[in-house]
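Trainee:
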Amino acid sequence: MQTWLVANDLGSLEKVFKKRNVTLEELCDFNPDDLKAFAETDLELDKQMIKRFVTAVSRLQNEQKQPNVVMEMKSAGTMPSRDGDVEDDKKHVLVYPEEQKAIHDLEDRLRDVGVVANFIEQKIAQWTNESDETSKAIQAELTAMLDKSTIPSVIEKQKELLMRVEGIMAKKEEQLKKQRKLMTAICEEMTASCMSELESYMDQANPKTRDKQQAKEALFSIQSKMERICSSENYSTAVNNHSLWVHPNVKVLGIDDDILFR
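In the working numbering, the protein residues as written are 3 to 264.
#1: Less than 8 Å between the beta carbons of Leu12 and Ala58, yes or no?
#2: Of the residues Pro99, Cys196, Leu62 and Ile126, which one's Cα is nearest the Cα of Leu7?
#3: So, is Ala41 buried or exposed, given that buried needs 16 or more other C-beta atoms within 10 angstroms?
#4: Tell me whether Cys189 is buried or exposed, calling it buried when 16 or more other Cβ atoms sit within 10 Å of its Cβ.
#5: May I ask you to report which of helix, strand or coil DSSP gives Thr145?
#6: If distances are taken between C-alpha atoms only, which option among Leu37, Glu65 and Asp44 comes closest to Lys53?
#7: Can you tell me whether Phe121 is buried or exposed? The criterion is at least 16 other CB atoms within 10 Å of its CB, across all chains shown.
#8: Could you tell me the boundaries of the alpha helix (DSSP H) in which Asp35 lies?
#9: If you draw a straight line from the alpha carbon of Glu89 to that of Arg111, how long is it in whole angstroms?
#10: Helix, strand or coil for Asp44, going by three-state DSSP, please let me know.
#11: Classify Val24 as helix, strand or coil using the three-state DSSP reduction.
#12: My output table needs one value for Asp31: the three-state DSSP class, helix, strand or coil.
#13: Does DSSP put Asp107 in a helix, in a strand, or in coil?
#14: If we ignore side chains and look at the alpha-carbon of each, how far apart do Val156 and Ser226 end up?
#15: Out of curiosity, what's the CA-to-CA distance linking Lys103 and Arg113?
#16: Does DSSP put Ala9 in a helix, in a strand, or in coil?
#17: Under a Cβ-count criterion, where at least 16 other Cβ atoms within 10 Å of its own Cβ denotes burial, should Leu29 be classed as buried or exposed?
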């Protein structure tokens, strides 16, 4: 710093720069307007010293910038086609402590947001993997069920149940046929006996001498015949096997026994 100041007739600024810890690198970060404002406000130089200071710093910037620009152009493959200064888009900005703190807070918040965003991405990836694994597990269970012939087993059980139902229906139908045959035989026997008794009564009785007592005796004889039929072995077997039943509300010829069969 001292050598540079002396070489540019700025030796009077050495004490000020040492006190402020100003370096050449920091001066090179300023643009001409900032340098001029710095010289006027902070250093309180006159116009001649300001011009000399700005010129010296600009020369220093060009000396330091030219090799860097050439290296950057070569590495990027964008060497200029003609000679000339390349403008530097970097600017040195002076900020207050409060502004610097706000910038640091924003940087911290940006870092926290990045951490949260990364955490969310990891969770999404984890949930996606878990969803895929669950889908695969369900598919595997379904495949295992099909491999174990669960559905064919259900179909086989259904067929077995249908066969049992058909067997029960066939058995019931056979019972109904036997019941109908037995009922027919009993009815025919009862009808024949009753008709025989009535014909005998009608043939033997004289209409002139026929009275109520004779009618009662004839009906009683018919009733006795019907009771004998109902007490027969076939009738009792049918009742015990629940193949036929007697309706409780039907009276035949005034007889107390009920004889409706089904």
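Note that CB positions come from ideal geometry on N, CA and C, so glycine has one too.
Mentor: In terms of the structure at hand:
#1: Here the question's residue 12 lines up with position 10 in the sequence shown. Here the question's residue 58 lines up with position 56 in the sequence shown. Yes; because the gap between Cβ atoms is below 8 Å, this pair is in contact.
#2: Mapped onto the sequence shown, residue 7 falls at position 5. That would be Leu62, whose Cα lies nearest to the Cα of Leu7.
#3: Numbered from its first residue, the sequence shown carries residue 41 at position 39. Counting Cβ neighbours within 10 Å, Ala41 comes out buried, since at least 16 surround it.
#4: For the purposes of this step, residue 189 is taken as residue 187 along the sequence shown, with counting starting at 1. With fewer than 16 Cβ atoms within 10 Å of its Cβ, Cys189 is classed as exposed.
#5: Taking the first residue of the sequence shown as 1, we reach residue 145 at position 143. It is helical.
#6: The sequence position of residue 53 within the sequence shown is 51, counting from 1. Looking at the Cα atoms, Leu37 is the closest of the given residues.
#7: In the sequence shown, residue 121 corresponds to position 119, counting from 1. Exposed.
#8: Sequence index remark: in the sequence shown, residue 35 carries index 33 (1-based). Here the alpha helix (DSSP H) through Asp35 covers Pro34 to Ala39.
#9: On the sequence shown, residue 89 is found 87 positions in, with the first residue counted as 1. On the sequence shown, residue 111 is found 109 positions in, with the first residue counted as 1. Residue placement at Glu89 is flagged as unreliable, the pLDDT there being 49, under the threshold of 50; a coordinate-derived value is accordingly withheld.
#10: Residue 44 sits at position 42 when you count from the first residue of the sequence shown. Of the three classes helix, strand and coil, the one that applies to Asp44 here is helix, per DSSP.
#11: Here residue 24 refers to the residue found at position 22 when the sequence shown is read from its first residue. Three-state DSSP puts Val24 in coil, outside helix and strand.
#12: Working through the sequence shown from its first residue, we reach residue 31 at position 29. Correct three-state label for Asp31: coil.
#13: In the sequence shown, counting from the first residue as 1, residue 107 sits at position 105. Here DSSP, grouped into helix, strand and coil, assigns Asp107 to helix.
#14: As a first step, residue 156 is located in the sequence shown; it is residue number 154 there, counting from the start. As a first step, residue 226 is located in the sequence shown; it is residue number 224 there, counting from the start. One C-alpha to the other measures close to 60 Å.
#15: Numbered from its first residue, the sequence shown carries residue 103 at position 101. Numbered from its first residue, the sequence shown carries residue 113 at position 111. Spanning the two alpha carbons is a distance of roughly 15 Å.
#16: Sequence index remark: in the sequence shown, residue 9 carries index 7 (1-based). It is helical.
#17: Indexing the sequence shown from 1 puts residue 29 at position 27. So Leu29 ends up on the buried side.
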